[in-house]
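Anchor point for the sequence shown: position 23 equals 33 in the working numbering, and the numbering is continuous, going up by one each time.
Cβ atoms here follow ideal geometry from the backbone N, Cα and C, with glycine treated the same way.
The structure appears right after this line, and notes come after that.
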Amino acid sequence: MHSEFNPSPKVTTHMLQIWITPTERRLEPSYTEWQPKPGTENDPKVLVISPDGRDQSATIHQNADIYRVKLVAGQSIRHDLASGRGLWLHVAKGSGVLNGLALKAGDAVSSETAGSFEISGTDAGLEALLFDIG
Numbered sequence: 011m012h013s014e015f016n017p018s019p020k021v022t023t024h025m026l027q028i029w030i031t032p033t034e035r036r037l038e039p040s041y042t043e044w045q046p047k048p049g050t051e052n053d054p055k056v057l058v059i060s061p062d063g064r065d066q067s068a069t070i071h072q073n074a075d076i077y078r079v080k081l082v083a084g085q086s087i088r089h090d091l092a093s094g095r096g097l098w099l100h101v102a103k104g105s106g107v108l109n110g111l112a113l114k115a116g117d118a119v120s121s122e123t124a125g126s127f128e129i130s131g132t133d134a135g136l137e138a139l140l141f142d143i144g
């Protein structure tokens, strides 16, 4: 069942719907409402979705790890991308920098080059989704 709605008449909701093709055809659809595990709500990088459900992430039938990135101004994280994988960073709120490239809400960037990626929050902080796709 889908549950995308805003029950509040006063608070604005910000949603992003993402469709990812599964590894197999004719799988039974599944839906998950994910919450970060206790104590990680403000961690800068939290695994949200993975093929194996590790670290209390939701599962997906695809070779993809999806992280929620939440950085305050001046805070940074590093993500190491293995050979043969792709990176997609979608900025949902705020602004930041990825390896020297300035990004703002609504921007996205991709790479298929293995290596280390540094993501930093700027004055407004940064909330983003980071896809590591195989």
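No residue range can be given for L37, since it is assigned to no beta strand (DSSP E) and is classified by DSSP as neither H nor E.
In the structure shown, R64 falls within a helical segment according to DSSP collapsed to helix, strand and coil. Using a Cβ distance threshold of 8 Å, A83 and V101 do not count as a contacting pair. For E122, the CB contacts under 6 Å within the same chain, skipping 5 residues up- and downstream, are G96 in chain order.
In this structure, the alpha-carbon of I143 lies about 6 Å from that of D75. F141: member of the beta strand (DSSP E) spanning G125 to I143, first to last residue.
The continuous beta strand (DSSP E) containing I76 extends over residues A74 to L81. Secondary structure at W44: coil, using DSSP grouped into helix, strand and coil.
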